[in-house]
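Residue numbers (this note's numbering), protein chains in the order written: chain F, 40 to 272; chain V, 40 to 272; chain G, 40 to 272; chain Y, 10 to 262; chain R, 10 to 262; chain C, 10 to 262. Everything on this sheet refers to the single structure shown next.
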Amino acid sequence: MELIKDGKRIDGRSFDELRPIKIEAGVLKRADGSAYVEWGGNKVLAAVYGPREAQPRHIQNPTKAIVSCRYNMAAFSVSDRKRQGPDRRSVEISKIVSEALDRVIFTEQFPRATIDVYMEVLQADAGTRCTCLTAASVALADAGIPMRDFVSACAVGKVDGQIVLDLGKEEDNLGEADLPIAIMPRTGEILLLQMDGHLTMEEFNKAVTLGMNACMKIYEMQKEALMKKYTGD
Amino acid sequence: MELIKDGKRIDGRSFDELRPIKIEAGVLKRADGSAYVEWGGNKVLAAVYGPREAQPRHIQNPTKAIVSCRYNMAAFSVSDRKRQGPDRRSVEISKIVSEALDRVIFTEQFPRATIDVYMEVLQADAGTRCTCLTAASVALADAGIPMRDFVSACAVGKVDGQIVLDLGKEEDNLGEADLPIAIMPRTGEILLLQMDGHLTMEEFNKAVTLGMNACMKIYEMQKEALMKKYTGD
Amino acid sequence: MELIKDGKRIDGRSFDELRPIKIEAGVLKRADGSAYVEWGGNKVLAAVYGPREAQPRHIQNPTKAIVSCRYNMAAFSVSDRKRQGPDRRSVEISKIVSEALDRVIFTEQFPRATIDVYMEVLQADAGTRCTCLTAASVALADAGIPMRDFVSACAVGKVDGQIVLDLGKEEDNLGEADLPIAIMPRTGEILLLQMDGHLTMEEFNKAVTLGMNACMKIYEMQKEALMKKYTGD
Amino acid sequence: MLSEIKRDYICQLAAKGKRVDGRKFDEPREIKIEKGVAKNAEGSALVKLGDTSVMVGVKMAPGEPYPDTQDSGVLTTSAELTPLASPTFESGPPSPEAIEIARVVDRGIRESKTVDFKKLCITKNEKVWVLFLDIHVLDYDGNLFDASSIGALSALTDTVVPAKRFEIGEDFKLEVEHYPVSCTSVKIGSAILLDPSLDEETVADARLTVSIDENGDIRAMQKGLNGSFTLDEVKSIINSSKIKGDRIRELIK
Amino acid sequence: MLSEIKRDYICQLAAKGKRVDGRKFDEPREIKIEKGVAKNAEGSALVKLGDTSVMVGVKMAPGEPYPDTQDSGVLTTSAELTPLASPTFESGPPSPEAIEIARVVDRGIRESKTVDFKKLCITKNEKVWVLFLDIHVLDYDGNLFDASSIGALSALTDTVVPAKRFEIGEDFKLEVEHYPVSCTSVKIGSAILLDPSLDEETVADARLTVSIDENGDIRAMQKGLNGSFTLDEVKSIINSSKIKGDRIRELIK
Amino acid sequence: MLSEIKRDYICQLAAKGKRVDGRKFDEPREIKIEKGVAKNAEGSALVKLGDTSVMVGVKMAPGEPYPDTQDSGVLTTSAELTPLASPTFESGPPSPEAIEIARVVDRGIRESKTVDFKKLCITKNEKVWVLFLDIHVLDYDGNLFDASSIGALSALTDTVVPAKRFEIGEDFKLEVEHYPVSCTSVKIGSAILLDPSLDEETVADARLTVSIDENGDIRAMQKGLNGSFTLDEVKSIINSSKIKGDRIRELIK
């Protein structure tokens with residue numbers, strides 16, 4: 040399949056164009072904070088509970104809160120039904136997302152506590168981990184968790200030899216490289232970075248710059264969503 | 040298959056006739072209380088342990104005892120061998136049986152305790168949940184657990200358009216409705232009620248009356264079994 | 040298949056001959072004690088951790104240490120790949136090995152503690168349980184655990200009607216009986232004894248004597264391995 | 010303690026014929042149903058019952074029939090009480106609560122012949138459609154039985170059988186033959202409250218779910234919790250379930 | 010503490026050649042065997058060894074052979090220490106104790122050729138009978154190894170292969186070719202006690218199970234617990250197992 | 010506390026350009042690779058990275074292809090952090106750490122086309138070779154990512170496809186087409202240390218694993234731990250990974 044034709048991608052986007060994104064804060068009643076994100080064909084819900092006492096006690100950290108994330112896909116979120124319960128992919132994503140979010144939370148303010156972040160993928164296209172991180176960050180802010188910065192995420196990839204932003208599903212399946220990245224937008228520090236496939240040094244440099252710039256755009260949308268909730272606009 | 044012929048059911052019973060029932064109290068050495076019930080082709084053993092300290096501690100209720108029931112089928116109790124461990128059906132039955140028995144026990148007399156009721160189906164015909172409840176109630180009395188009433192149970196169903204008591208196996212498989220019911224015989228209050236299939240309002244009224252009357256007969260047999268044990272008759 | 044020909048076994052050994060054995064003590068950095076044993080085609084690693092506080096607390100024995108053994112086969116240790124996690128065979132071997140080792144350790148010196156013995160089969164031929172016991176015993180000594188004696192183990196079997204020492208793989212698969220045995224070499228007391236197959240009384244007497252004598256040879260090799268480590272020879 | 014105080018307050022209100030949120034005893038909360046919300050599913054629905062929110066998705070694939078029903082499709086129902094939905098829900102294997110909900114919904118569809126599973130046979134004795142119904146609880150403010158059951162029925166009405174994807178003919182709409190609607194009531198003291206909120210559910214003595222079809226016939230019942238009902242209470246609950254169910258049915262269709 | 014006092018008492022009695030329940034050292038408890046107790050099983054037996062009660066059922070179904078024995082039926086043995094049977098047994102996955110019992114019984118049947126599994130081949134390389142042997146412990150008063158093993162052998166002698174149900178010919182009786190009988194002894198101090206009761210088992214140092222066939226040959230052995238035996242003790246246990254096993258064999262046949 | 014003191018000590022040394030064990034910042038520990046150590050495996054390797062010791066085995070068997078890659082062999086990678094290897098490793102299902110290592114190694118092989126899985130197709134749409142790669146950690150002194158990844162690549166170069174055993178032709182050597190070498194660095198304060206020891210890993214802020222092939226191209230990256238990197242730090246790590254990887258590649262081949 041030809042993924043790039045006449046300088047356009049298979050869904051008509053240009054190389055550095057994001058898919059349509061919609062972010063909403065505070066969408067659930069019971070959770071302490073929540074967010075809903077639609078990103079291309081992804082639909083993701085994130086909820087935050089805490090800080091609350093970590094249970095059982097022996098997992099408590101006396102100097103800081105534990106940030107515990109759970110990435111989960113609904114059975115019907117993908118074309119071939121996913122069986123209930125965490126598979127190995129979900130376990131890995133939960134782990135690296137926990138590590139990324141831990142960095143931006145003032146965990147030292149809540150010793151012995153846990154801050155639980157639950158992310159449910161209701162409809163999956165390519166890029167669910169970046170969508171989830173983006174939603175989780177908004178949900179944390181909505182929950183009033185003290186944070187030193189946001190987390191904004193986006194993937195870059197290589198398709199038909201070309202570095203392109205925010206891979207769609209066919210691009211993800213058939214492309215030559217995938218590089219999800221998450222940053223703290225105020226400082227530009229990198230919180231999450233993975234890469235699979237094949238990139239020359241030059242391509243990597245181009246990709247990472249493209250991705251980091253996109254993260255800044257995501258950051259603006261995240262702020263806007265929170266603003267909208269609190270101003271009721 | 041024709042389930043009713045010449046006003047008689049497939050096993051020769053009339054519409055409001057129970058299958059043969061045998062109840063024995065105090066049949067196990069190690070258990071605090073026990074009972075064995077044969078009901079048609081069902082063979083069921085119930086054992087009670089407790090009140091004993093609930094473990095682990097965090098499950099203890101400081102105001103009352105927990106009533107914890109476990110319904111289990113032996114692998115060889117059914118025609119197609121059942122795999123070891125609780126399936127979803129067993130989990131559901133354990134839950135609703137726990138709820139029914141909880142109501143009749145003076146749980147407030149035993150804070151922080153657990154009263155464990157184990158029910159093993161050794162041979163299964165239709166109606167194992169009612170057989171188990173009946174056995175459990177006798178085992179609780181045999182264990183000397185203070186109770187405000189008994190639990191007596193029986194199923195009613197619809198077969199070939201006719202409301203009939205205490206479904207047999209073919210009737211259960213091919214019938215149009217199944218309605219297990221358990222009551223407190225002294226007050227007539229309903230502790231367990233489930234229904235699957237298709238009943239008109241009128242049929243429901245007829246069925247529920249038939250079932251509650253049968254529960255009263257079961258109650259007499261339960262009392263007799265206990266009497267027999269304690270008088271050694 | 041003919042397993043014995045011209046008074047020799049399929050691998051050329053005589054009836055009372057052990058396979059080549061190599062024992063090395065203190066081979067791992069992190070473990071408190073360790074040993075590596077090659078025995079015919081078996082390659083086994085044993086590690087000891089402890090005495091350390093038993094966790095969770097409710098498993099602690101206030102009068103003595105728990106000896107907890109885990110026998111595990113690497114997925115690639117056998118011809119048909121073994122799935123990860125303990126199968127029923129591993130659970131049984133772990134249990135009987137724990138019981139055998141418990142006897143020789145002065146467990147009463149370490150109340151509330153656990154002494155953990157981990158045995159990994161990296162390459163399996165027949166006789167892994169005896170190889171593991173032999174390795175575990177050396178690892179315990181290497182960890183400085185106070186012991187009242189060693190544990191030395193060896194299997195005997197019946198092949199083509201003949202009692203032979205230390206079964207090889209084909210002999211184990213096609214033989215008529217297998218009898219693993221472990222003793223305390225200083226007193227000759229029997230710590231582990233299993234038998235499958237078919238032995239007359241006379242054959243049993245012959246087999247058990249052959250096995251116990253072999254255990255004494257293993258004991259010499261175990262002592263030598265420890266000596267070699269501590270003298271640096 | 011808190012639950013005792015809450016219970017007293019709800020009982021006192023009930024004695025005056027009132028509920029915490031101002032509803033009448035037999036008045037359900039507002040119901041919103043949105044279909045087709047999960048495009049990778051064969052059918053889906055998002056149901057809101059007040060602040061309770063449940064998403065249900067249907068996935069279908071060819072598979073083997075059960076040995077005892079060789080000419081019928083297979084229904085497999087699961088419920089996941091995701092930890093998003095409540096501080097008391099935990100990750101891990103399905104709780105008894107989740108299993109009970111899944112099984113009650115499953116029987117409600119299966120035994121009441123909502124779908125004619127014989128029409129989901131592909132090759133007798135060999136290949137049939139397996140219909141996976143997954144209930145995903147997103148926000149828990151009481152009465153999951155009704156939210157799940159309404160969600161399941163709505164998702165079924167939205168379902169297109171993906172025959173083309175599996176190269177067994179043209180896609181076709183799943184036919185829903187009956188519309189049994191589940192209505193749940195709880196008993197608190199002597200009051201019977203329809204569609205309980207979380208607060209009401211927490212302090213309730215007994216629960217009864219009744220499923221009534223478009224002809225006014227009973228298709229399923231499930232009693233829950235540690236309390237008891239009198240026969241008269243059961244009959245009265247059945248009656249109000251019938252009346253309220255008729256209105257909800259219109260929303261689903 | 011209690012176990013120390015119990016141990017002292019049992020040891021003092023043993024020093025006088027006595028046991029708590031008045032039995033001789035080499036005297037088993039009364040054995041009752043009832044066959045055919047579970048009619049949905051292909052074969053079954055309820056065994057009582059004093060107050061220990063174990064039910065064993067055999068189920069059979071066609072299945073695939075193991076890759077290395079393409080012409081033989083398959084044996085699958087499980088033991089469930091149901092929580093009915095003892096305050097110390099818990100629900101959940103099989104404990105190491107349950108697994109050891111199942112495996113010892115399984116080997117006792119398999120390795121001693123109790124049943125000729127070649128006769129359970131249906132179509133070589135393709136289809137064979139799978140024999141599921143399920144041991145269900147109902148009341149635990151010591152010596153589960155013997156109760157389970159005797160129950161298993163009894164259930165096998167009761168088994169009719171359900172060929173008709175699976176449309177592969179006429180039903181036929183399972184042929185039992187050998188009758189190895191398992192006898193368990195424990196060592197307490199210097200005393201060796203046959204068929205230990207729960208009290209004796211609890212304070213025992215070492216356990217030895219020996220299975221002897223109708224020709225007086227050894228078919229299986231399993232040593233257990235943290236203590237040790239001398240070679241002479243082992244030989245003496247084998248001898249008394251042979252003598253007592255002969256009597257038990259008559260009850261099973 | 011201990012970890013704070015350890016961290017301070019390591020940071021102070023780093024400020025002077027030094028490491029606890031005397032290595033330079035970009036100097037890996039001694040690497041020893043021994044192939045063919047597990048004769049029941051199709052290929053195997055024991056890798057020592059200083060005192061870290063990892064054994065990797067390859068098993069192969071015919072199996073079914075994935076539905077979306079009908080003409081390709083299947084790779085299945087597992088890692089077991091055996092409790093031998095560290096006082097903090099526990100028995101039981103794989104930890105998130107074990108899963109991450111297995112998945113990073115798996116992607117490193119799969120996505121960088123180390124092996125051409127199309128050559129492991131036996132019969133299109135039906136039968137392909139399944140390659141099981143099992144990583145067995147024996148002694149844990151830091152940097153399992155590199156030890157596992159180097160072990161996996163080494164075991165693959167040792168692998169002979171056992172076609173004869175499964176009666177599908179003659180055995181043949183597995184062809185390894187690329188040699189991507191994984192190099193891991195950690196950041197402690199402002200220092201970047203290659204091939205961290207356990208002590209260094211324990212106090213590190215962030216970790217970055219980079220896999221570079223024989224052409225100097227990037228084949229995989231994985232960032233870990235709770236800290237962050239600047240873009241310059243990332244680029245500098247990539248550079249030193251390239252240089253050190255070239256030397257390690259010679260050892261593997």
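For every residue, glycine included, the Cβ atom is placed at its ideal position computed from N, Cα and C. Just so you know, these numbers come straight off a predicted model, no measurement behind them.
Check: At a Cβ cut of 9 Å, what residues of the region 51–69 of chain F count as close to chain Y, listed as they run along the chain?
Finding: 66, 67, 68 and 69
Notebook entry, point to check: Given that a residue counts as buried once 16 or more other Cβ atoms are within 10 Å of its Cβ, and exposed if not, what is residue 212 (chain G)?
Noted result: Within the third sequence, the letter at position 173 stands for residue 212 (chain G). Burial call: exposed.
Checklist line | Contact list for the region 216–234 of chain C against chain D, Cβ threshold 9 Å | finding: Looking at the structure shown, chain D is missing, and the protein chains on hand are F, V, G, Y, R and C.
Check: Whose Cβ in chain V lies nearer than 8 Å to the Cβ of residue 105 (chain Y)?
Finding: Here residue 105 (chain Y) corresponds to residue number 96 of the fourth sequence, with the count starting at 1. By Cβ distance, chain V contributes 130, 131, 133 and 134.
Check: How long is the line joining the alpha carbons of residue 168 (chain R) and residue 253 (chain R), rounded to whole angstroms?
Finding: Reading the fifth sequence from its first residue, position 159 is the one you call residue 168 (chain R). Reading the fifth sequence from its first residue, position 244 is the one you call residue 253 (chain R). If I take the Cα positions, the gap works out to 25 Å.
Notebook entry, point to check: Between the region 151–161 of chain R and the region 100–115 of chain R, are three or more C-beta pairs nearer than 8 Å?
Noted result: Flag = yes, the region 151–161 of chain R and the region 100–115 of chain R touch.
Notebook entry, point to check: Along the chain, where does the alpha helix (DSSP H) that runs through residue 30 (chain C) open and close?
Noted result: Your numbering for residue 30 (chain C) matches position 21 in the sixth sequence. Counting along the chain, residue 30 (chain C) falls outside any alpha helix (DSSP H), and DSSP gives it neither H nor E.
Note to self: With distance defined between alpha-carbon atoms, name the residue in R:105, R:182 and R:85 nearest to residue 142 (chain R).
What the structure shows: Translated into positions along the fifth sequence, residue 142 (chain R) becomes position 133. Closest option to residue 142 (chain R), Cα to Cα, is R:85.
Checklist line | Minimum Cβ-Cβ distance from residue 71 (chain R) to chain V less than 8 Å | finding: The residue labelled residue 71 (chain R) in the question sits at position 62 within the fifth sequence. With 8 Å as the cut-off, residue 71 (chain R) does not count as an interface residue toward chain V.
Notebook entry, point to check: If contact means a Cβ-Cβ distance below 7 Å, which residues of the region 114–128 of chain Y contact chain V?
Noted result: 116, 120 and 121
Notebook entry, point to check: Applying a beta-carbon distance threshold of less than 8 Å, which residues of chain Y neighbour residue 159 (chain F)?
Noted result: Taking the first residue of the first sequence as 1, we reach residue 159 (chain F) at position 120. Residues of chain Y passing the Cβ test: 91, 93, 145 and 147.
Next item on the list: Could you name the residues of the same chain whose beta carbon sits closer than 7 Å to that of residue 95 (chain Y), not counting the 5 residues immediately before and after it, in chain order?
Entry: As a first step, residue 95 (chain Y) must be located in the fourth sequence, where it is residue number 86. Hits under 7 Å: 149.
Notebook entry, point to check: How would you list, in chain order, the residues of chain C whose beta-carbon sits under 7 Å from the beta-carbon of residue 88 (chain G)?
Noted result: Taking the first residue of the third sequence as position 1, residue 88 (chain G) is located at position 49. What residue 88 (chain G) touches in chain C: 96.
Item checked: alpha helix (DSSP H) segment containing residue 261 (chain V), residue limits -> Position 222 of the second sequence, counting from 1, holds the residue named residue 261 (chain V). That run of the alpha helix (DSSP H) goes 240–270.
Check: residue 60 (chain C) touches chain G at which residues, Cβ-Cβ below 7 Å?
Finding: If you number the sixth sequence from 1, residue 60 (chain C) lands on position 51. Going along chain G in sequence order, the residues near residue 60 (chain C) (Cβ under 7 Å) are 68.
Check: CB residue 166 (chain Y) to CB residue 191 (chain Y), shorter than 8 Å?
Finding: In the fourth sequence, residue 166 (chain Y) corresponds to position 157, counting from 1. In the fourth sequence, residue 191 (chain Y) corresponds to position 182, counting from 1. Not in contact: residue 166 (chain Y) and residue 191 (chain Y) (Cβ atoms no closer than 8 Å).
Next item on the list: For the beta strand (DSSP E) holding residue 219 (chain G), just list the boundary residues, first then last.
Entry: Here residue 219 (chain G) corresponds to residue number 180 of the third sequence, with the count starting at 1. Segment 216–223, the beta strand (DSSP E) holding residue 219 (chain G).
Notebook entry, point to check: So what's residue 256 (chain R) in DSSP terms, helix, strand or just coil?
Noted result: The count along the fifth sequence starts at 1 and reaches residue 256 (chain R) at position 247. Secondary structure at residue 256 (chain R): helix, using DSSP grouped into helix, strand and coil.
Item checked: Spatial neighbours of residue 222 (chain F) in its chain, beta-carbon cut-off 7 Å, leaving aside the 5 residues before and after -> Reading the first sequence from its first residue, position 183 is the one you call residue 222 (chain F). Around residue 222 (chain F): 191, 228, 229, 230, 251 and 254.
Check: Counting along the chain, where does the beta strand (DSSP E) carrying residue 148 (chain R) start and finish?
Finding: Position 139 of the fifth sequence, counted from the start, is the residue given in the question as residue 148 (chain R). Counting along the chain, the beta strand (DSSP E) containing residue 148 (chain R) begins and ends at 136–148.
Next item on the list: Please go through the same chain and pick out, in chain order, the residues whose beta-carbon is closer than 7 Å to the beta-carbon of residue 16 (chain R), but skip the five residues on each side of it.
Entry: Indexing the fifth sequence from 1 puts residue 16 (chain R) at position 7. Cβ within range, chain order: 212.
Check: For residue 80 (chain F), which residues in chain Y fall below 9 Å Cβ to Cβ?
Finding: By 1-based counting over the first sequence, the position of residue 80 (chain F) is 41. Neighbours of residue 80 (chain F) on chain Y, chain order: 48 and 49.
Notebook entry, point to check: For residue 149 (chain V), is the classification buried or exposed, using 16 other Cβ atoms within 10 angstroms of its Cβ as the cut-off for buried?
Noted result: Taking the second sequence and counting its residues from 1, one reaches residue 149 (chain V) at position 110. Answer is buried; the Cβ neighbour count reaches 16.
Check: Can the beta-carbon of residue 146 (chain R) be found less than 8 Å from the beta-carbon of residue 97 (chain R)?
Finding: What you label residue 146 (chain R) is simply residue 137 of the fifth sequence in a count that begins at 1. What you label residue 97 (chain R) is simply residue 88 of the fifth sequence in a count that begins at 1. No; because the gap between Cβ atoms is not below 8 Å, this pair is not in contact.
Next item on the list: Give a yes or no on whether 8 Å exceeds the smallest Cβ distance from residue 160 (chain R) to chain V.
Entry: Position 151 of the fifth sequence, counted from the start, is the residue given in the question as residue 160 (chain R). Answer no: the Cβ-Cβ gap between residue 160 (chain R) and chain V never drops below 8 Å.
Next item on the list: Can you pull the chain R residues whose beta carbon is under 7 Å from the beta carbon of residue 118 (chain V), in chain order?
Entry: The residue labelled residue 118 (chain V) in the question sits at position 79 within the second sequence. Under a criterion of Cβ atoms nearer than 7 Å, the residues of chain R adjacent to residue 118 (chain V) are, in order, 49.
Next item on the list: Report yes if the CB atom of residue 204 (chain C) is closer than 8 Å to the CB atom of residue 37 (chain C), and no otherwise.
Entry: Reading the sixth sequence from its first residue, position 195 is the one you call residue 204 (chain C). Reading the sixth sequence from its first residue, position 28 is the one you call residue 37 (chain C). Contact flag set, yes.
Checklist line | Where the beta strand (DSSP E) containing residue 159 (chain G) begins and where it ends | finding: The residue labelled residue 159 (chain G) in the question sits at position 120 within the third sequence. Taken as a continuous stretch (DSSP letters only), the beta strand (DSSP E) holding residue 159 (chain G) covers 152–162.
Note to self: With a threshold of 8 Å, are at least 3 pairs of Cβ atoms found where one atom belongs to the region 37–51 of chain Y and the other to the region 157–173 of chain F?
What the structure shows: yes
Notebook entry, point to check: Using 8 Å as the limit for Cβ to Cβ distance, is residue 155 (chain R) near chain V?
Noted result: As a position in the fifth sequence, residue 155 (chain R) is number 146, starting the count at 1. Chain V contact via Cβ: absent.
Check: So what does DSSP say about residue 25 (chain R), is it helix, strand or coil?
Finding: Working through the fifth sequence from its first residue, we reach residue 25 (chain R) at position 16. Three-state DSSP puts residue 25 (chain R) in coil, outside helix and strand.
Item checked: Option in F:78, F:127, F:216 and F:270 with minimal Cα separation from residue 201 (chain F) -> Looking up residue 201 (chain F) in the first sequence gives position 162. Minimum Cα distance to residue 201 (chain F) is reached at F:216.
Notebook entry, point to check: Taking the DSSP output, what are the residues bridged to residue 71 (chain Y)?
Noted result: Taking the fourth sequence and counting its residues from 1, the one referred to as residue 71 (chain Y) is at position 62. Y:138.
Item checked: Proximity of residue 121 (chain Y) and residue 222 (chain Y) at Cβ, strictly below 8 Å -> Within the fourth sequence, residue 121 (chain Y) is the residue found at index 112, counting from 1. Within the fourth sequence, residue 222 (chain Y) is the residue found at index 213, counting from 1. Taking 8 Å as the Cβ cut-off, residue 121 (chain Y) and residue 222 (chain Y) qualify as a contacting pair.
Notebook entry, point to check: Looking at the C-beta of residue 68 (chain R), does it have a partner C-beta in chain V at a distance below 8 Å?
Noted result: Within the fifth sequence, numbered from 1, the residue matching residue 68 (chain R) stands at position 59. Judged by the 8 Å Cβ criterion, residue 68 (chain R) is in contact with chain V.
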